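Some notes on the structure that comes next.
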Amino acid sequence: MPRKLRTRFIAAVAVAGTLAAGSSFAADKSIVLQSTTSTANSGLYDAILPSFTDKTGIQVHVVAVGTGQAIKNAMNGDGDVLLVHAKPAEEEFVADGYGMERFDVMYNDFVIVGPPADPAKIARGRDAAAAFQRIAETQSAFASRGDNSGTHKKEMALWQAAGVDPTADSGSWYRETGSGMGATLNAAVGMGAYAITDRGTWISFKNKGGYQILVQGDDNLFNQYGIILVNPEKHPQVKADEGQALIRWILSDEGQNAIAGYRLHGEQLFFPNAKP
1432 MPRKLRTRFI AAVAVAGTLA AGSSFAADKS IVLQSTTSTA NSGLYDAILP SFTDKTGIQV
1492 HVVAVGTGQA IKNAMNGDGD VLLVHAKPAE EEFVADGYGM ERFDVMYNDF VIVGPPADPA
1552 KIARGRDAAA AFQRIAETQS AFASRGDNSG THKKEMALWQ AAGVDPTADS GSWYRETGSG
1612 MGATLNAAVG MGAYAITDRG TWISFKNKGG YQILVQGDDN LFNQYGIILV NPEKHPQVKA
1672 DEGQALIRWI LSDEGQNAIA GYRLHGEQLF FPNAKP
């Protein structure tokens, strides 16, 4: 091939390669958000993330699992951003170098729900640990997620505050489902058991079967959510720029207003509290 033609050929190949790489990047402008079943099952992400994608062109693929599993996945580098609700575990995740800075995003609360018969007589209570103690004393059925999720961590902290080790009675009155919140609520309703759930999931849960919120309003039932960029130095495949764009949007007035504006059955599910 003559030198002039060969030079043109190489240049054309280089341009084509650059265009192809650019197209590939544009097509792959997406991130993985490791998060909880409570945020996903409540419909929050379906309601707010399209606005972020419209603004930035970045698609967000949500992996909805328990907080413990979400943190483990992020530790393995299987995600770009982490949004969960177990602050001590989140702070440990950052301290161990797996994540960058942690930011408060929003909050709601946990509630204790139970059957209409209320065999442990805990209705209208505001002391969650006292309610748990009463459930244990009466050996009333209790359905636990048992999955190291944020909800399960909160549950176990309340049992500890009540001075009760429920796992000693696992399989009798204390039933561990090893499942997400929706499945655990279904199991609770099916067996007439008490359960603890985040309010957002409870509002969106359809199979209530006469169940009601029996205990709420205790400060110990506060439920804070936080967001963290997975450390790109630990996992070079992390899409730091795109992940940081999501975090900035979530913490911005636009993102916070989107969270506040999400309602179901006329009720607000999450309350934004990002610090300016």
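Residues 1432 to 1707 in the numbering used here are what the sequence shown lists, from first letter to last. Backbone N, C-alpha and C fix where the C-beta goes; we use that ideal spot for every residue, glycine too. Quick caveat: nothing in here was measured; it's all calculated off a predicted structure.
Alpha-carbon to alpha-carbon, residue j and residue i
i	j	result
Q1643	S1601	24 Å
E1664	D1629	34 Å
L1475	S1610	20 Å
W1633	A1574	15 Å
A1592	A1560	6 Å
R1555	V1542	11 Å
P1703	G1692	10 Å
A1526	I1658	14 Å
A1770	Q1699	Since the first residue of the chain shown is 1432 and the last is 1707, residue 1770 is not available in this structure.
S1454	G1674	With a pLDDT of 34 at S1454, under the threshold of 50, the predicted position of this residue should be treated as unreliable, and no value is reported.
M1506	F1524	8 Å
L1645	H1666	44 Å
W1590	T1487	44 Å
I1690	M1537	8 Å
G1594	D1650	18 Å
V1620	A1614	10 Å
G1686	S1603	45 Å
L1513	D1672	15 Å
I1479	N1688	10 Å
L1677	L1660	9 Å
P1481	H1492	11 Å
W1680	F1483	7 Å
R1694	F1701	9 Å
R1557	I1566	14 Å
G1528	N1638	41 Å
T1449	R1606	Note on T1449: pLDDT 35, under 50, position unreliable in the model; the coordinate value appears next. Taking the straight line joining both Cα atoms gives about 58 Å.
A1572	L1652	21 Å
Where residue i falls, given that 16 or more other Cβ within 10 Å makes a residue buried
i	result
G1641	exposed
E1586	buried
P1546	buried
A1618	buried
G1648	exposed
F1563	buried
A1548	exposed
A1599	exposed
K1670	buried
N1654	buried
D1511	buried
M1622	exposed
G1631	buried
K1706	exposed
Residue range of the unbroken alpha helix (DSSP H) whose run includes residue i
i	result
V1620	M1612 to M1622
F1483	L1475 to T1487
D1649	Segment: none, D1649 is in no alpha helix (DSSP H) and carries neither H nor E.
Q1465	Where Q1465 is concerned, there is no enclosing alpha helix (DSSP H), although the beta strand (DSSP E) it sits in stretches over S1461 to T1467.
D1684	D1684 to G1692
Residue interval of the beta strand (DSSP E) (run including residue i)
i	result
N1654	F1653 to V1661
Closer than 7 Å: residue i CB and nearest the ligand PLP heavy atom
i	result
P1547	Of the ligands one can find in the structure shown there are none, so the ligand PLP has no counterpart to examine.
Member of the options whose CA lies at the smallest distance from the CA of residue i
i	options	result
S1461	S1482, E1532, H1666 and Q1490	Q1490
T1498	G1631, E1521, D1672 and P1481	E1521
A1551	Y1625, H1583 and D1649	Y1625
S1580	R1533, Q1500, F1483 and V1494	Q1500
T1569	F1483, P1597 and V1463	P1597
D1509	G1623, V1496 and K1584	V1496
D1578	A1599, S1473 and K1503	K1503
M1531	S1683, N1638, A1705 and N1662	N1662
G1582	F1701, S1469 and D1684	With the sequence shown as reference, residue 1582 is identified as Thr, and Gly is not the correct amino acid for it. The option with the nearest alpha carbon to T1582 is S1469.
K1518	Q1668, D1535, R1679 and G1631	D1535
Q1465	R1557, D1684 and V1515	V1515
M1612	S1635, D1485 and R1576	R1576
S1473	K1584, V1463 and N1539	N1539
H1696	F1636, I1627, Y1605 and A1572	F1636
Worksheet entry | Within the region 1493 to 1554, ranges of the beta strand (DSSP E) (whole runs, at least 3 residues) | 1512 to 1515 and 1530 to 1545
Item to complete: Give, in chain order, every unbroken run of the alpha helix (DSSP H) that is at least 4 residues long and sits entirely within the region 1569 to 1644.
Response: 1581 to 1593, 1612 to 1622 and 1630 to 1635
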